[in-house]
Each structure stands twice: as C-alpha cells, then as structure tokens.
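Numbering (my numbering), first residue to last: -14 to 216. Since the structure comes first, as structure tokens, the remarks are kept for the end.
Put into structure tokens, the structure is as follows:
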C-alpha cells in the first residue's frame, strides 16, 4: 500500500484501512506516529525510545481497539542489498536525533508534491502520485500503451530521499525503454545516471535557487518525451 504527502500535517499519510476511516500518519519532524479516525487524531506514539517491534505492537494494540483485524500486520522485509544495515533492524531503539535534518528531507517532499500534481493534471498518461514504502520515493508514472507490451513506453518522474545510487535526496526523470547511452541529449541542468538504470538526475546539492527544480522537471520531461516520441 502506498502513502501520500499531507501538506496540512506536514507528514506522510497512509490510505484508509479497508472498510474504515482509519489512517496512519508519520510526522517526521516530531518522529511521531499518529492514528486518525475520520480525520481526527485519536492516538499518537513518539517513536524515540521505541524499537521497531515495540512500535509495531503499539499500533496493533491500538488498531485492535478500533476493531481492525491485525493478524496480518507485520514489518516490511527488504532485500539485504537494497539498504545499508542499521541498528534498528537488530532491536535498537529510535533516537530523536536531528529533527532539523528530518524536516529538511520532509520539505523536499512538500516541494515536490505540487510539481508532480501539475504533471498529473496536464498528462492523461500520468498515474496518481504515490510514495512507495519500499524505497520511500514519491513519483508518478506516465504509461503510453503500445499495440503490445513490448511497444509500451513509460516515463517516471519522482523524488528519492536517497539510496545506493546517491547518498542525498535527488529528483529523477527516467524514460523506458532506456535510450542508447551513446546518444543521450545534453541537459540544461543535472546529469544523466547510467549505472543499473538510465535517467536524468538533479541532486539536492545541485539546487542553488528556487526555480532550479521546477525548471529541471519541466525541461527534462520534455526531453524525455522527445526521446520516447510521445506527446
């Protein structure tokens, strides 16, 4: 199940649990999980000092009080080569740490959401914005169906908070099928990423003024559409 960005809460919000009006929210600045019912907060858990298992147990207990079946709720499992190992995976507790750093990363999501919403509004081929729990990237995917699956073309536009490709937040625009590496067009900003996947990338440290990000997205989406020969 994917997440959304809630600007009013300045946090990540889950879809309503099926057949309920219950949603889970993560407030990154406060490092707090909140349970909403009918849009109102009814329970919250500061995560500092909690282990992953303790936090899971709290959520299951609170949701069970609300009549939610919790037997199938469990922590996600990730392939070991996808993320660096972390003490949290071995029973360590969350530390409140640098709230300014978390808020800075959250601000990138807040900045990106309206830019992706503009793409979705202007492109019938674009899917709804989603934040994927696997890599926590926020993205939309434009799909241009062909006569066969092999002829279908895709254009992904999104924000990654950082991953093995780049150790900082970055924005990506990735056309598929991937273009020939020997014939990549010049970019006005950012750079082409060609290791394991192909896409135009703008890193957070490459942004120097407010218009850098929307300009990169607008112009590079146009370049990617030209590569794919799609409207």
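C-beta atoms are modelled at their ideal positions from N, C-alpha and C, and glycine is treated no differently. Note that the structure is predicted; figures quoted are calculated from it, not measured.
Presumed contact (8 Å Cβ cut-off) between residue i and residue j, rounded CB distance
i: residue 188; j: residue 153; result: 6 Å
i: residue 41; j: residue 60; result: 6 Å
i: residue 150; j: residue 120; result: About 10 Å separates the two Cβ atoms, so there is no contact after all.
C-beta contact flag for residue i and residue j at 8 Å
i: residue 162; j: residue 194; result: no
i: residue 9; j: residue 20; result: yes
i: residue 221; j: residue 125; result: No answer is possible for residue 221: the residues shown for the chain start at -14 and end at 216.
i: residue 183; j: residue 159; result: yes
i: residue -11; j: residue 2; result: no
i: residue 156; j: residue 202; result: yes
i: residue 208; j: residue 170; result: yes
i: residue 16; j: residue 94; result: no
Euclidean distance between Cα positions of residue i and residue j
i: residue 89; j: residue 53; result: 34 Å
i: residue 25; j: residue 39; result: 24 Å
i: residue 22; j: residue 211; result: 46 Å
i: residue 91; j: residue 62; result: 23 Å
i: residue 186; j: residue 109; result: 24 Å
i: residue 13; j: residue 173; result: 33 Å
i: residue 123; j: residue 0; result: 15 Å
i: residue 100; j: residue 206; result: 12 Å
i: residue -9; j: residue 6; result: 16 Å
i: residue 43; j: residue 74; result: 17 Å
i: residue 245; j: residue -5; result: Here the chain has residues from -14 to 216 only, and residue 245 is not among them.
i: residue 141; j: residue 56; result: 35 Å
i: residue 47; j: residue 87; result: 26 Å
i: residue 127; j: residue 70; result: 33 Å
i: residue 190; j: residue 197; result: 11 Å
i: residue -13; j: residue 11; result: 13 Å
i: residue 102; j: residue 204; result: 16 Å
i: residue 132; j: residue 45; result: 46 Å
i: residue 84; j: residue 146; result: 15 Å
i: residue 49; j: residue 18; result: 16 Å
Residues bridged to residue i [DSSP beta-bridge criterion]
i: residue 18; result: 11, 30
i: residue 90; result: According to DSSP, residue 90 bridges with nothing at all.
i: residue 36; result: 78
i: residue -10; result: -3
i: residue 160; result: 140
i: residue 177; result: 185
i: residue 126; result: 141
i: residue 23; result: Answer by DSSP bridge pairing: none, since residue 23 is not bridged.
i: residue 66; result: None; residue 66 has no bridge partner.
i: residue 56; result: Answer by DSSP bridge pairing: none, since residue 56 is not bridged.
i: residue 192; result: Residue 192 is not bridged to any residue.
i: residue 116; result: -12, 123
i: residue 111; result: 127
i: residue 148; result: 151
Closer than 7 Å: residue i CB and nearest the ligand PLP heavy atom
i: residue 108; result: The ligand content of the structure shown is nil, which means the ligand PLP is not present either.
Query raised in the report: Between the stretch 73 to 81 and the stretch 33 to 49, do three or more beta carbon pairs fall short of 8 Å?
Result: At 8 Å Cβ cutoff, the stretches touch.
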